[in-house]
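Here's the structure, in C-alpha cells; my notes come after.
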Amino acid sequence: MDWEVGSNALACSACKQSFVEEQEIFSALYDEQTAFLRRDFCNGCWSQQDRAAIFSHWQTRIPKKDAPVKRFVDDEIVLEFFRKLEGQDEPLKKNFRYVLALLLMRKKALKFIEFKRTEAGAMLILRDALSQSDYHVADPDLNEEQIQQVTEEIGQILNTKIA
Ligand SMILES: [Zn+2]
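Residue numbering for the sequence shown follows the working numbering, starting at 184 and increasing by one per position.
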C-alpha cells in the first residue's frame, strides 16, 4: 500500500492560480466538526493563512505528469493527522483515528502491541516504530463496509490513493 500523491490538487484555494509540475504547495485540513475540509495553497497565499484555524497541514510537491518515479506522501504526514486526532470525541474523528491506525499498521509505522477491553470500551495499544511511544486507539467496532468508506474519505482528504 502506498500513499500516492494524487493529481487533483489543481489550483490554489486562495488565488486560484493553477499549480504547475513540481511546485511546492501547502495542504491544510480544516476541522468542520462533522467533516474535514482540505485546501491547497501556493507559497505566497500560505503565508497569509490563519494558522490557528488549521487542524493539520503539510507541504507537498505537485508530481510530474507521467513521472517514471512515483511520489509518495510521507508517513509522517499521516502520523501527524493521526496524532492530532487523539482525545477527540466526535464519532467521525474516532473513526478516522481508528482507520488511520489500521493504515499505519499496514505501513509498519505503528506496531500492534495488544487489544484491551477497558471501561471506556475496546482499545488497540499501538507503538510508534520510530519514537517508541505508545498510543491508545479506541476501536469503534466498524464493519468492513464502514472501514472502506472511511478509508475512501481519508484518501480524498489527503489527496492520496490508498490501495
Ligand atoms: Zn495562491
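Backbone N, C-alpha and C fix where the C-beta goes; we use that ideal spot for every residue, glycine too.
Asked, Found
"Candidates D214, N342 and A197, of which the one nearest L275 by Cα", "D214"
"Contact shell at 7 angstroms, judged by CB to any heavy atom of ligand 1, ordered along the chain", "C195, A197, C198, Q200, F224, C225, G227 and C228"
"Cut-off 6 angstroms between Cβ atoms - residues of its own chain near K222, not counting five sequence neighbours on either side", "According to the sequence displayed, residue 222 carries Arg and not Lys. Closer than 6 angstroms at the Cβ level, and outside the excluded window around R222, lie S196 and A211."
"Bridge-paired residues (DSSP) for V282", "In DSSP, V282 forms no bridge with anything."
"Bridge-paired residues (DSSP) for Q129", "Residue 129 falls outside the range modelled here, since the chain spans only 184 to 346, and no answer is possible."
"Cα-Cα separation between K247 and E204, rounded to whole angstroms", "5 angstroms"
"Segment contact, 8 angstroms Cβ cut-off, at least three pairs: the stretch 253-273 with the stretch 290-300", "yes"
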